[in-house]
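Q: Below are the structure tokens for one structure; questions will follow.
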Amino acid sequence: MGLNLRNQPKKGELVPRPALAPVTRRTALLGTFGIGAAAALAGCTGATASDGADISVGSYESDAIPRASMRAMMDDFPGGEVDINVLDHETFKASINNYLQGNPNDVFTWFAGYRARYFGERGLIAPLDDIWAGLEGMPDSMRAASTGTDGSMIFVPSTYYPWAVFYKPSLWEAHGWSPPTTLDEWLSLNEEIQAAGITPIGMADKEGWEAMGTFDMLNLRVNGYDYHVALMAGEEPWDGEPAKAVFRAWDQLLPFQQADPLGRAWQEAAQGLLLENTAMYTMGMFLDQQWQTSDAPDDLDFFMFPEFDPAVGADVVEAPVDGFMMAAEPRNPELARELIAYLGSPEAINILLAGDPSKIGASELADQSSYSRLQRKAVEEIGKAKNLTHFLDRDTRPDFATTVLNPAFQAYLRTPGDIDSILQSVQRQKVSIFGH
């Protein structure tokens with residue numbers, strides 16, 4: 159039986175869509191690394207397929223395991239040869255505005271939710287209603303996450319995964335530690351772990367997005383789902399008391415958190431957990447990719463972020479959805495539509511998951527018989543959630559996430575005592591970008 163995610167309000171529409179300003183040169187460049195990164199994306203994921211290929215796909219799957227599984231899936235496409243042009247994940251994300259307004263690939267990897275709708279509203283992607291008419295096994299929640307502002311289908315989902323607190327069961331069993339369910343239990347556990355000579359909480363934020371998951375979970379536990387949705391939509395002030403309360407909660411975890419996170423990529427923090435330099439790490443389940451080549455690939459488990467306030471609870475799960483979109487004017491429209499329909503099929507998803515078991519198939523018809531213990535647990539935990547979010551940089555405007563919140567969270571991790579002035583700056587920039 160496939161996963162049922164029907165417990166989302168408004169048929170799974172996770173974040174309200176604020177009105178967006180028209181595209182200008184300034185807004186097009188917001189959320190990018192500038193001209194250099196855009197040129198890099200245009201060069202590495204150019205529009206023309208390589209010699210002999212019939213169609214081109216732009217991909218941010220630059221790490222070894224997902225890159226190989228993507229290649230295997232494309233190789234099984236019966237319609238022709240697929241050229242995959244790969245750029246590293248963060249440069250791809252940061253340059254996407256310019257990429258789509260330039261000479262994009264026929265099909266490209268992207269994210270469900272607000273970041274998909276953002277480009278749909280600007281006419282930079284093709285509608286996919288005819289593709290969805292033939293897709294089988296996609297639950298209502300995936301349909302809702304793939305729907306544009308105007309009601310058209312704009313995205314084909316492939317996989318998704320939870321964000322959670324990951325740990326090594328063998329280490330915890332050796333010390334007699336148990337996953338906490340409340341903040342008080344977590345703080346007490348952190349003291350025990352620290353007394354054992356191990357840093358309790360791993361942390362990385364070298365690329366600016368990694369700490370967003372921790373912020374999201376703290377905000378959801380401190381203020382709840384409705385406030386989080388409103389904050390992402392620009393409808394709440396960032397210098398207000400609820401936002402400040404999130405960082406006061408984070409302050410309680412800082413003494414137990416790995417030092418110098420701005421110099422550490424997520425893969426390095428994952429290795430710290432694997433080597434038992436740290437005891438836990440808040441990250442997406444793609445963390446499992448770092449375990450697959452280790453001596454103990456099954457020695458990984460997770461617990462959901464603990465409850466901070468009984469009045470708020472702990473029934474919201476962050477579960478980003480990855481998939482594909484089509485350029486507004488693909489060079490071979492017929493073959494592009496054939497390819498993207500294939501990519502949403504259970505057969506294609508099965509191939510992808512066979513090479514990368516760190517995610518879950520979006521289609522209810524994807525084969526779950528070979529799911530690992532971790533995948534089965536992810537299905538169970540997401541299925542129990544009352545509400546779902548995608549991830550901060552998918553649930554708000556990309557220009558705001560990249561140019562404002564990335565450096566703001568890094569500034570907090572560098573100098574926590576400056577949080578009031580940091581949030582005042584975020585609020586000023588929020589008003590400028592959202593218009594209110």
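Residue numbers for the sequence shown follow this note's numbering, beginning at 159 and rising by one.
Using N, Cα and C, we set each Cβ at its ideal position, and we do this for glycine too.
For clarity, every value in this text was computed on a predicted model and none was experimentally measured.
Are the beta-carbon atoms belonging to residue 270 and residue 548 less than 8 Å from one another?
A: Taking 8 Å as the Cβ cut-off, residue 270 and residue 548 qualify as a contacting pair.
Q: Where are the beta strand (DSSP E) runs, 3 residues long or more, that stay fully inside the region 469 to 499, in chain order?
A: DSSP runs (the beta strand (DSSP E)) wholly in the region 469 to 499: 474 to 476, 479 to 484.
Q: Checking contacts by CB at 8 Å: is residue 272 closer than that to chain C?
A: Of the protein chains in this structure there is only one, and it is not chain C.
Q: Helix, strand or coil for residue 311? Go by DSSP, reduced to three states.
A: Strand, per DSSP.
Q: Can you determine whether any heavy atom of the ligand NAD sits closer than 7 Å to the C-beta of residue 513, and answer yes or no?
A: The model on display carries no ligand, and the ligand NAD is accordingly not part of it.
Q: By Cβ distance below 8 Å, which residues in the same chain neighbour residue 581 in space, the five residues on each side in sequence not counted?
A: Only 396, 397, 401, 402, 405, 566 meet the Cβ criterion.
Q: So, helix, strand or coil for residue 437, using DSSP?
A: Here residue 437 sits in strand by DSSP.
Q: Can you list, in chain order, the residues of its chain whose CB lies under 6 Å from that of residue 351, leaving out five sequence neighbours each side?
A: For residue 351, where only same-chain residues beyond five positions count, the Cβ hits under 6 Å are 358, 437.
Q: By alpha-carbon positions, which one of 264, 219, 224 ends up nearest to residue 211?
A: Nearest option by C-alpha distance: 264.
Q: Are the beta-carbon atoms belonging to residue 116 and residue 443 less than 8 Å from one another?
A: Lying outside 159 to 594, the shown extent of the chain, residue 116 is not represented and no answer is given.
Q: Please say whether residue 324 and residue 458 have beta carbons closer to each other than 8 Å?
A: Taking 8 Å as the Cβ cut-off, residue 458 and residue 324 qualify as a contacting pair.
Q: Output the residue ranges of the beta strand (DSSP E) runs that lie fully inside the region 249 to 316 and measure 3 residues or longer, sorted by chain position.
A: You should have 265 to 269.
Q: Taking the C-alpha atoms as reference points, what is the distance between residue 522 and residue 541?
A: Computed Cα separation, rounded: 13 Å.
Q: According to DSSP, is residue 577 helix, strand or coil?
A: In the structure shown, residue 577 sits in a helix (DSSP, three-state: H, G or I).
Q: Do residue 544 and residue 473 count as a contact pair if the criterion is CB distance below 8 Å?
A: Taking 8 Å as the Cβ cut-off, residue 473 and residue 544 qualify as a contacting pair.
Q: Suppose the cutoff is 6 Å on Cβ atoms and the five residues either side in sequence are ignored; what does the same chain contact list for residue 171 look like?
A: Any reading at residue 171 must be qualified, since the residue scores a pLDDT of 35, below 50, and its modelled position is unreliable; no value is offered.
Q: For the region 310 to 319 against the region 268 to 286, do three or more pairs of beta-carbon atoms, one drawn from each stretch, fall closer than 8 Å, so that the two count as touching?
A: Verdict: yes, contact present.
Q: Going by DSSP in three states, residue 569 sits in which element: helix, strand or coil?
A: Here residue 569 sits in helix by DSSP.
Q: Looking at the structure shown, is residue 592 part of a helix, part of a strand, or coil, going by DSSP?
A: Helix, per DSSP.
Q: Excluding five sequence neighbours on each side, which residues of the same chain lie with their C-beta closer than 7 Å to the C-beta of residue 455?
A: Within the same chain, residue 455 has close Cβ partners 449.
Q: Let's see if you can read the secondary structure: which residues bound the alpha helix (DSSP H) around residue 322?
A: No alpha helix (DSSP H) holds residue 322; the beta strand (DSSP E) holding it covers 321 to 325.
Q: Sort 380, 385, 307, 293 by Cα distance to residue 340 and report the nearest one.
A: Residue 340 has its Cα closest to that of 380, out of 380, 385, 307, 293.
Q: Candidates 333, 245, 514, 297: which alpha carbon is nearest residue 353's?
A: Nearest option by C-alpha distance: 333.
Q: Run through DSSP, which three-state label would residue 526 get?
A: Coil, per DSSP.
Q: Given this structure, state the Cα-to-Cα distance separating residue 509 from residue 230, to the nearest angstrom.
A: If you take the alpha carbons of residue 509 and residue 230, they lie about 7 Å apart.
Q: Taking the CB atoms as reference points, tell me whether residue 216 and residue 249 lie closer together than 8 Å.
A: Going by C-beta atoms, residue 216 is not nearer than 8 Å to residue 249.
Q: Taking the runs of the alpha helix (DSSP H) that are 4 residues or longer, which of them lie wholly in the region 364 to 406?
A: Entirely contained in the region 364 to 406, the alpha helix (DSSP H) runs reaching 4 residues are, in chain order, 368 to 380, 383 to 390.
Q: When burial is assigned at 16 or more other CB atoms within 10 Å of the CB, is residue 236 buried or exposed?
A: With fewer than 16 other Cβ atoms within 10 Å, it is exposed.
Q: Pull up the distance between the alpha-carbon of residue 488 and that of residue 243, whole angstroms please.
A: Spanning the two alpha carbons is a distance of roughly 15 Å.
Q: Which residue wins for smallest C-alpha separation from residue 427, given the options 461, 363, 414, 329?
A: Checked all of 461, 363, 414, 329; the closest Cα to residue 427 is 363.
Q: By the 10 Å Cβ neighbour count, where 16 or more other Cβ atoms means buried, how is residue 485 classified, buried or exposed?
A: Counting Cβ neighbours within 10 Å, residue 485 comes out buried, since at least 16 surround it.
Q: Below 8 Å, can you find three or more Cβ-Cβ pairs linking the region 415 to 429 to the region 559 to 576?
A: A contact exists between the region 415 to 429 and the region 559 to 576.
Q: Going by beta-carbon coordinates alone, are residue 553 and residue 390 separated by less than 8 Å?
A: Going by C-beta atoms, residue 553 is nearer than 8 Å to residue 390.
Q: Using beta-carbon positions only, say whether residue 431 and residue 371 come within less than 8 Å of one another.
A: Contact flag unset, no.
Q: Express the C-alpha separation of residue 524 and residue 505 in angstroms, rounding to a whole number.
A: Rounded to the nearest angstrom, the two C-alpha atoms are 7 Å apart.
Q: What does residue 240 pair with, by DSSP beta-bridge criteria?
A: 213.
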